[in-house]
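Below is one structure, written out as structure tokens; the observations come after it.
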Amino acid sequence: SEAFEISEKNKVPVMMRVVTRLAHSRAVVRPFDVPLHVKQANLLKANKLEWMLLPALARKNYEKMIEKQELFQKWSNSNKWNTLQMSKNKSDFAIITSGLGKNYYLENIKDYAEYLKALSPSQELPSHLHIVTLPLPLGKIQELTQNVQTLLIIEEGMPVIEKQLKGLLPQKITVLGKLSGHLPRTGELNPDFVRKALSLEERKSITSNPDIAKLTTDLPGRPPQLCRGCPHADSYSSLNKAVSVLKEKAGDDNVVIMSDIGCYALGALSPYNAIESIVCMGASLGMARGAAQVGVKYAFGVIGDSTFLHSGIQNLVDAVSTKTPMTAIILDNSIVAMTGCQETIVPSNKLESLVVGLGVEPEHVRVLSTFPNKIEENTKILLEEAEYRGVSVILLVRECVESLRIKNKAKK
Ligand code: SF4
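So the sequence shown is numbered by the working numbering: it starts at 7 and just counts up by one.
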């Protein structure tokens, strides 16, 4: 609700920087009462010029935004969530935390206090500033760093604060963090990394025992797999058979299979090893189109029905308009499986007419059911369409077994 308040008051969008652990957390969401002035916000009554980014208006809006920076700085400095605890003894070392970095620091704080006392009985914990807001609270940072020579920044994700501070603080202050290598720049931050950055000894854990560590490292890997009976498995079997024929005929470099985000991304793993790229939602068709346009003879884009509806359509339109010789394979499991079996935004039975409506020649839109006993038949059709020197779309259709299981359970 505070974000809404700030946004309404200052007429700016407020963005949340969502980092690793927050993005992977679950919690009860408590809706708040929408403040009266937000309820009353009415676009029709608002100053419409604020919503039009025509060049002359955009320039004025930008000037207003620059004028507001001082206000934002004051807001950040006095924000109650940015907490500064100054140490009584004037240490030349201080700590800045952000997000979960604070929790990881606090997890180690007892050991850290003991460690400092062992170094010198009068030694207290260093000054600590916890930062929640951007722009950074410069006044509080100045207060923190008055007598400081070394500053440790503990933050999750990208070193956003560390980078900014390097440009803001005097050079005589050494900034430690992810850029300096005192905390790892890759992977997830955890209390043990923070411990190391605080010069504390490694914590004894069950895996510190070499025998137990060996047991855990010797365990066989269990990569994720498609569910048993998943329709994508049969689709990949057909595709692999077709691809091996095409590679035999035209050489490995003349066949490419671009894929996308969804359960079917598991086709990258054994036993299928069927796809060669997974980049972002909708990229498969655009990348297949690019490959075809630079001369790859058989370019396949493999995309799920939901991903196609989310952001694949535009790439198919582009491929049609440029008459690109490529084959789009839409794996239609009739559900958004990977995120928990939500309904797709367009029902499965409308996909064929949608694709034809986008300009794909109707005779090159093939709707096939995908089952173990259809693998050979579907392979032949894939081979036929791969030879077509335009855009073909093959819909391989069968409902996700997990979705069926959920539906059957609900019926009982
Ligand atoms: S959830 Fe559905 S689509 Fe995903 S792997 Fe399982 S059966 Fe296949």
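Even for Gly, the Cβ is constructed at its ideal location relative to N, Cα and C.
For residue i, which residues of its own chain have a beta-carbon under 6 Å away from its beta-carbon, when the five flanking residues on both sides are left out?
i, result
"leucine 337", "His238, Ser241, Tyr270, Gly310 and Leu402"
"leucine 232", "His238, Ala239 and Leu272"
"asparagine 85", "Thr139"
"alanine 256", "Lys303"
"serine 409", "Ile341 and Cys347"
"methionine 344", "Gly268 and Cys269"
"alanine 297", "Val262 and Ala305"
"glutamate 39", "In the sequence on display, residue 39 carries aspartate and not glutamate. Within the same chain, aspartate 39 has no close Cβ partners at all."
"serine 354", "Asp338 and Ser340"
"asparagine 419", "The question about residue 419 has no answer, for the chain in this structure spans 7 to 418."
"leucine 182", "Leu158 and His188"
"glycine 365", "Val326"
"methionine 264", "Ser283, Ser290, Met293, Ala294 and Gly307"
"leucine 20", "Checking the displayed sequence, the identity of residue 20 turns out to be valine instead of leucine. The residues are Ala9, Ile12 and Ser13."
Excluding sequence positions up to five away, which residues of its chain have a Cβ less than 8 Å from the Cβ of residue i?
i, result
"serine 96", "Note that residue 96 is lysine in the sequence shown here, rather than serine. Asn153, listed in sequence order."
"glutamine 129", "Asn95, Ser97, Leu122 and Lys123"
"proline 190", "Lys184 and Phe199"
"isoleucine 381", "Asp240, Ser243, Ser244 and Lys247"
"valine 407", "Cys233, Arg234, Gly235, Cys236 and Pro237"
"glutamine 155", "Asp98, Phe99, Lys178, Ile179 and Thr180"
"isoleucine 160", "Ile101, Ile102, Thr103, Ser104, Gly107, Lys108, Tyr110, Tyr111, Gly183, Leu189, Leu195, Val200 and Ala203"
"proline 230", "Leu272 and Leu275"
In the DSSP output, what is residue i paired with across the bridge?
i, result
"tyrosine 304", "Val261"
"aspartate 98", "Aspartate 98 pairs with nothing; no bridge assigned."
"aspartate 310", "A small fix is needed here, since residue 310 is glycine in this sequence, not aspartate. Per DSSP, Leu337."
"isoleucine 284", "Ser265"
"threonine 151", "For threonine 151, which the question treats as bridged, DSSP gives no partner whatsoever."
"leucine 402", "Leu337 and Leu374"
"valine 181", "Leu157"
"histidine 136", "Thr89 and Thr103"
"valine 342", "Gln348"
"alanine 21", "As written in the sequence, residue 21 is methionine, which differs from the alanine given in the question. DSSP lists no partner for methionine 21."
For residue i, I'd like the list of residues in its chain whose CB is within less than 7 Å of its CB, leaving aside the five on either flank, ordered along the chain.
i, result
"alanine 325", "Leu291, Arg295, Met332 and Val397"
"threonine 151", "Ala100, Leu157, Leu175 and Ile179"
"threonine 26", "Glu162, Gly163 and Glu194"
"glycine 90", "First, the amino acid is wrong: residue 90 is leucine here, not glycine. Cβ neighbours of leucine 90 beyond the five flanking positions: Leu135, Lys146, Glu149 and Leu150."
"tyrosine 278", "Tyr242 and Asn246"
"threonine 330", "Arg295, Ala298, Gln299 and Val397"
Consider the Cβ of residue i: report whether some Cβ of chain B lies at a distance smaller than 8 Å.
i, result
"isoleucine 263", "Given the protein chain composition of this structure (a single chain), no chain B is represented."
Query raised in the report: Is there contact between the region 313-324 and the region 244-254, where contact requires at least three CB pairs shorter than 8 Å?
Result: no
Query raised in the report: Which runs of the beta strand (DSSP E), 3 residues or longer, sit entirely within the region 369-400?
Result: 371-375, all fully within the region 369-400.
Requested in this report: Give me every residue whose Cβ sits closer than 5 Å to any heavy atom of the ligand SF4, in chain order.
Outcome: Leu232, Cys233, Cys236, Cys269, Asn339, Ala343, Cys406, Val407 and Glu408
Requested in this report: Tell me the start and end of each unbroken alpha helix (DSSP H) in the region 170-248 that is at least 4 residues and wholly inside, in chain order.
Outcome: The region 170-248 contains these whole alpha helix (DSSP H) runs: 197-203 and 216-223.
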